[in-house]
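Residue numbers (this note's numbering): 144 to 281. All C-beta atoms in this analysis are idealised placements derived from N, C-alpha and C, irrespective of residue type, glycine included. Structure, as structure tokens:
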């Protein structure tokens, strides 16, 4: 009989075993993922960080993990420039599109103004809000 173990952490070896198993299966079905990280950092004239974007491309799509702008620099077009930079890099990588998640208290309207469309949501996550999934085909 198969047993299940519930834990909050596993060894690097076990993590690698499970991850490599899933990645191998994915490659078998979908081909090589061509996974690459992307960082775009916005700096002010003094070199301080005004904001940044972290993403990764895989299977010809770019996923935006994070897009953050320092509070006092919001509303000055930096987010739009970061997103446009990610779109340009996604095109250069041959991506079909970009997708991301945004809580309703974050910036889903910002992404919609930039041409992204909602393709899913989880209401009540976190309580009183929703997680909105958005995408844009390039």
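Here the C-alpha atom of residue 237 lies approximately 16 Å from the C-alpha atom of residue 226. Here the C-alpha atom of residue 156 lies approximately 12 Å from the C-alpha atom of residue 164.
Nearest to residue 271 by alpha-carbon distance, out of 167, 176 and 248, is 248. Taking C-beta atoms as the reference points, residue 233 and residue 212 fail to come closer than 8 Å. By the 16-neighbour rule on beta-carbons within 10 angstroms, residue 235 is exposed.
Of 269, 231, 152 and 267, the smallest CA-CA separation from residue 200 is found for 231. The straight-line gap separating the alpha-carbon atoms of residue 174 and residue 188 is approximately 43 Å.
Residue environment for residue 196: buried (at least 16 other C-beta atoms within 10 angstroms of its C-beta).
Around the CB of residue 168, fewer than 16 other CB atoms lie within 10 Å, so the residue is classed as exposed. Taking 8 Å as the cut-off, the beta carbon of residue 229 is found closer than this to the beta carbon of residue 207. If you check the CB distance, residue 263 and residue 253 do not come in under 8 Å. Rounded to whole angstroms, the gap between the alpha carbons of residue 176 and residue 162 is 14 Å.
The Cβ atoms of residue 210 and residue 222 sit closer than 8 Å to each other.
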